[in-house]
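Counting from 1 along the sequence shown, just add 33 to a position and that's the residue number in our numbering. Think of the CB as a built atom: it goes at the ideal place given N, C-alpha and C, for glycine as much as any other residue. This structure is a prediction, so every number in the text was calculated from the model and none was measured.
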Amino acid sequence: MSLYDVAVIGSGPGGYVAAIRCAQLGMKTAIIEKYSTLGGTCLNVGCIPSKALLDSSHHYDDAVKHFEDHGIEVPGEIKVNLEKMISRKNNVVDMTTKGINFLMDKNKIDVFEGLGSFKDATHIDIKKIDGTTDTIEAKNTIIATGSKPSTLPFITLDKERVITSTEALQLKEVPKHMLVIGGGVIGLELGQVYKRLGAEVTVIEYMDKIIPGMDGALSKELMKSLKKQKVKFALSHKVKSVERNGDEVTVTADNKKGEEVSFTGDYCLVAVGRHAYTEGLNLEAAGVQLEERGRVAVNEHLQTNVSNIYAIGDVIKGAMLAHKAEEEGTLVAEILAGQKPHIDYNLIPGVVYTWPEVAAVGKTEEQLKEAGVAYKSGSFPMRALGRSRASGDIDGFVKILADKNTDEVLGVHMIGARVADLIAEGVTAMEFRASAEDIARMSHAHPTYAEAVKEAALAATEDRAIHV
Ligand code: FAD
Ligand code: NAD
């Protein structure tokens, strides 16, 4: 039986990064993945394929709606070839997952394909697809088994017309009317893909706003922008039933006044969150405990109640984000190597890849108010930027929240073109505990969208933005 310093169960961004960092630090490492491709949710059915479709559908949308403004004339009708678009997405996924195989080889990590299942706290059975089982011994194990889509108790996910994000990435036709339950990240990103490709899209959300966890100003601006793109919203609606009848799906909900409302479409995307996935791990055999929401319970070192078993990523508490999982993978590897790493969870950015993009780091205005923190706020509209006018992407703004007394940046919230990339400046500033004035005094290249960050910082510092 092979003996490893570390076995990682699950090859998503948490697991594969943990394995690479362990190997870099000199540990003999194995990674176990039940599917035939590495990369987990993120690479196979999450971040990468959804961004590929967002990019493809964005190109189409530009061609149909915006090329003319730029003086580009396309002879004949511009058409979507969905099969080709999905096939390109599959190629992107294929290349990306193969890249992980390359990284495993390069770092001399043993890859086991099969379901990892604890025999006890130091032995793991790997149940292979051919019915045979390998067993390995591991001094330490990192559980990185991720998450699966959640649903509502009364919904039957037939995976044809009542679907999750996984099926929405593989549709064979553009829906006529896609009903989306949940106005969170998945609902809006994939809703926008199909809206651009020609579907009618109605988002049915339980709360009174979309992207409810983010700063309220971002939520309002995104909704305004998506409404301009003709996405329909039913907020404060409590979904009661989802019925499929042939090619038709009907969602029934109670609105704010308690009245019953029905929506009929041909597809229903259920995007009401995800839950930790521990099925098949046989955690009882190792004695690993779960917390009440089914997540693996860990302490501040991401160690479970069993001292040689750790857990990271979507399977534990916290934001379900690929980069959070990656940081945690690195942290555990470095702890195992005797180092003293640290993650500041307040500085894990959140991004929604709609267009306009939405990105944030640090505290929201609502959180600062609730905590009674004295703060000041500076905003700058994208439409005042030369760069925005040049491209035609004028929606959105950057808002910087800073401590009223010390001027330390407490939160950066942005919506607009390319803010998914701009948020890195907010993270860097906050990591180094910059003041708004620090950002305001730094030169930002002209003309760029990044100038909005400088201008918002100027507005937060002394209400002295230059270009508004
Ligand atoms: P996962 O990526 O879920 O990987 C877990 C792996 O463990 C899986 O491969 C699974 O097969 C394997 N596994 C489970 N049990 C076992 C077992 N017993 N034995 C062997 N293998 C097992 N996040 C972002 O940051 N940015 C985005 O743009 C983004 N877009 C997303 C879009 C969609 C549509 C979805 C669904 C998610 C998106 N996410 C995004 C979230 C992101 O995918 C997750 O946060 C991330 O994948 C979590 O990584 P992980 O390593 O914890 O788990
Ligand atoms: P989410 O938590 O972002 O959004 C779920 C939404 O569904 C919320 O707005 C919630 O209020 C609503 N909801 C819950 N129950 C409802 C009900 N009964 N009726 C109507 N609405 C209801 O979850 P998601 O969009 O499913 O995404 C799952 C996870 O995947 C998220 O945690 C997210 O972090 C991750 N993800 C991230 C990205 C990204 O980083 N860009 C993209 C996709 C997914």
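- For Ile188, same chain residues with a beta-carbon under 7 Å away, outside a window of 5 residues either side, are Val195, Val275, Val303 in chain order.
- Spatial neighbours of Ala355 in its own chain (CB-CB distance under 7 Å, excluding positions within 5 residues in sequence) are listed in chain order as Pro46, Cys75, Cys80.
- Proximity to Lys117 across Val107, Gly104, Tyr93 peaks at Tyr93, based on C-alpha coordinates.
- About 6 Å separates the Cβ atoms of His91 and Trp388, confirming a contact at the 8 Å cut-off.
- Contact between Lys209 and Asp299 holds: CB atoms are separated by about 5 Å, below the 8 Å threshold.
- Scanning the segment 282-357 from its first residue to its last, the whole alpha helix (DSSP H) runs of 4-plus residues come out as 316-319.
- For Ala96 against Ile111, the beta-carbon gap comes to about 5 Å, under 8 Å, which counts as contact.
- Ile368 and Val331 have their C-alpha atoms some 14 Å from each other.
- Taking 7 Å as the cut-off, one finds no heavy atom of the ligand NAD near enough to the beta carbon of Tyr227.
- Collapsing the DSSP output to three states places Pro414 in a strand.
- Within the same chain, Val442, Ile472 come within 6 Å of Ala462 by CB-CB distance, once the 5 residues on both sides are set aside.
- In the structure shown, Ser69 adopts coil according to DSSP, grouped into three states.
- In the three-state scheme derived from DSSP, where H, G and I count as helix and E and B as strand, Val431 is classed as strand.
- Going by DSSP, Asp158 is part of no alpha helix (DSSP H) but of the beta strand (DSSP E) stretching over 156-160.
- Counting only the Cα atoms, Lys257 lies some 15 Å from Asp248.
- For Pro245, the shortest C-beta to heavy atom distance toward the ligand NAD is below 7 Å.
- Shown here, Arg194 sits in coil according to DSSP, grouped into three states, outside any helix or strand.
- DSSP places Phe266 within a strand segment (E or B) once states are collapsed to three.
- Look at Asp496 here: in three-state DSSP terms it is coil, with no helix or strand label.
- In the DSSP assignment, Asp138 falls within the unbroken alpha helix (DSSP H) covering 115-139.
- Sequence-distant Cβ neighbours of Lys192 in its own chain, meaning closer than 6 Å and more than five residues away, are Glu200.
- Taking a contact to require three or more Cβ pairs closer than 8 Å, the segment 381-398 and the segment 445-456 qualify as touching.
- DSSP links Arg277 through a beta bridge to Val282.
- Around the C-beta of Ala85, 16 or more other C-beta atoms lie within 10 Å, and the residue is accordingly described as buried.
- Excluding the 5 residues flanking it on each side, Ser269 has same chain C-beta neighbours closer than 8 Å at Glu238, Tyr239, Met240, Asp241, Asn288, Lys289, in chain order.
- The continuous alpha helix (DSSP H) containing Lys228 extends over residues 218-229.
- Sixteen is the threshold: when 16 or more other Cβ atoms of the shown chains lie within 10 Å of the Cβ of Gly72, as they do, the residue is buried.
- Below 8 Å, too few C-beta pairs join the segment 127-134 and the segment 154-168 to call them touching: fewer than three.
- In the three-state reduction of the DSSP assignment, Leu204 falls in the coil class, being assigned neither a helical nor a strand state.
- If only uninterrupted alpha helix (DSSP H) runs of at least 4 residues are considered, those enclosed by the segment 232-264 are 249-261.
- For Thr74, the Cβ falls inside the 7 Å cut-off from some heavy atom of the ligand FAD.
- Counted as a single uninterrupted DSSP element, the alpha helix (DSSP H) harbouring Glu403 occupies residues 398-403.
- Here DSSP, grouped into helix, strand and coil, assigns Met34 to coil.
- Gly306 sits close to Ser183, with the two beta carbons spaced by under 8 Å.
- Thr337 places its beta carbon less than 8 Å from that of Val329.
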